[in-house]
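Shown next, in structure tokens, is the structure this report addresses.
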Amino acid sequence: MSIAIDITERRQRAIENFRAGYNCAQAVFLAYSDIYNVEEKLAKQLAAPFGGGMGRMREVCGALSGAFMLVGLKYPADDPENKAAKMENYAAVQRVAAPFREKHGTIICRELLDAKRAKPEADLADPFGEYLAKNPCARFVADTAEIIGRELIGE
């Protein structure tokens with residue numbers, strides 16, 4: 398099933414969520430969870446533990462974890478006997494992770510936050526350009542919001 402989503406608007410929503418104080422997982426998940434009729438308070442609660450690379454353990458990037466939660470809603474694998482659904486779900490997770498890894502070199506939070514990684518220049522045409530250039534996690538939120546948006550619409 399294909400759905401209509403304004404990815405640019407959802408990306409901005411994710412950035413605004415992050416700027417408002419939600420963690421990276423919440424920022425991405427909240428930007429799209431309404432599509433699946435997830436109540437906002439529940440969405441905030443479910444995604445909360447995944448921030449900071451899962452409870453600030455700096456493991457898998459929280460923004461991606463929020464996106465993976467959305468994958469679970471689009472490609473539910475809730476029947477343990479349905480191997481095809483499980484494989485479709487896992488394949489979607491890998492499709493979402495691949496462009497992120499390609500762009501940033503890793504999906505691991507601690508590696509993403511390594512001070513040696515170059516920061517992009519601000520794009521002054523982007524209303525969040527300077528903010529994104531200064532805040533690496535905000536860049537990861539923005540990139541992930543775009544990637545998951547493409548997955549959700551079937552691109």
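One rule links them: number in my numbering = place in the sequence shown (from 1) + 397. No residue lacks a Cβ here, since even glycine has one placed at the ideal position from N, Cα and C.
Out of A488, E413, L461 and G449, the CA that lies nearest to the CA of A474 is found in A488. Counting the other CB atoms within 10 Å of its CB gives N434 a total below 16, which places it among the exposed residues. Residue nearest to I545 within the set L439, F497 and K441 is F497 (criterion: CA-CA distance).
A distance below 8 Å between beta-carbons, with the five flanking residues on each side excluded, links L549 to the following residues of its chain, in chain order: I400, I402, Y429, I432, L467 and K471.
Ranked by how close their Cα comes to the Cα of L509, the residues A440, R536 and G551 have R536 in first place. The straight-line gap separating the alpha-carbon atoms of A482 and G469 is approximately 10 Å.
In this model, N486 and A539 are separated by some 23 Å (Cα to Cα). Looking at the DSSP output, I505 shares a beta bridge with V457.
Ranking E478, M484, K500 and Y419 by CA distance to the CA of K438 puts Y419 first.
Assignment of I432 by DSSP, reduced to helix, strand and coil, places it in the helix class.
For the pair I505 and F426, the Cα-to-Cα distance works out to about 18 Å. Going by DSSP, G448 is part of the alpha helix (DSSP H) stretching over G448 to M451.
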